[in-house]
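Beneath this line is the structure, given in structure tokens, with notes to follow.
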Amino acid sequence: MVLELSSKEPIYLQIIAYIKKKIVAGELKKGERILSVRDYASELKVNPNTIQKVYSELENENLIYTQRGIGKFVTEDEKKINELRQELFNETIDKFIEDSKALGFTKETILAIISSRYKEDKNE
Numbered sequence: 001m002v003l004e005l006s007s008k009e010p011i012y013l014q015i016i017a018y019i020k021k022k023i024v025a026g027e028l029k030k031g032e033r034i035l036s037v038r039d040y041a042s043e044l045k046v047n048p049n050t051i052q053k054v055y056s057e058l059e060n061e062n063l064i065y066t067q068r069g070i071g072k073f074v075t076e077d078e079k080k081i082n083e084l085r086q087e088l089f090n091e092t093i094d095k096f097i098e099d100s101k102a103l104g105f106t107k108e109t110i111l112a113i114i115s116s117r118y119k120e121d122k123n124e
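Residue numbers for the sequence shown follow UniProt numbering, so the first one is 1 and each next one is one higher.
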């Protein structure tokens with residue numbers, strides 16, 4: 001993971017977004033143990049308090065859970081993961097629409113371009 005230190009977005013939010021994407025993509029599997037606070041902080045070269053804040057936020061969102069004395073694990077709740085997938089997708093689409101409008105594209109043009117590009121990518 002590459003942290004954007006010059007970004008206006010706080011580091012802990014960048015890490016949260018990164019972990020959420022890894023969960024949705026299946027790179028972090030349901031029930032998989034995640035790195036300890038200390039190990040992850042060392043890997044990312046950030047303060048352990050930052051990772052503790054990340055893990056607290058993810059636990060509050062029920063995306064990870066703690067087994068006392070064993071460690072932290074990715075949720076096994078498929079419904080929660082699907083909700084997160086939809087949430088991330090909606091955020092991506094909203095940003096895309098906002099950027100497209102700023103470039104002067106109409107809804108019809110955006111949909112036509114997406115349809116054309118999607119067919120190209122899928123070899124339909």
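All residues carry an ideal CB built from backbone N, CA and C; glycine is no exception.
Residue range of the alpha helix (DSSP H) that residue 105 falls in?
Note, residue 105: premise wrong, no alpha helix (DSSP H); not H, not E.
Quick one: Cα of residue 24 to Cα of residue 18, how far?
One C-alpha to the other measures close to 10 Å.
Residue nearest to residue 86 in terms of C-alpha spacing, selected from 14, 41, 21:
Closest by alpha carbon: 21.
First through last residue of the alpha helix (DSSP H) which encompasses residue 22
Its alpha helix (DSSP H) spans residues 11 to 24.
Quickly, what does DSSP pair residue 34 with across the bridge? List them, please.
DSSP lists no partner for residue 34.
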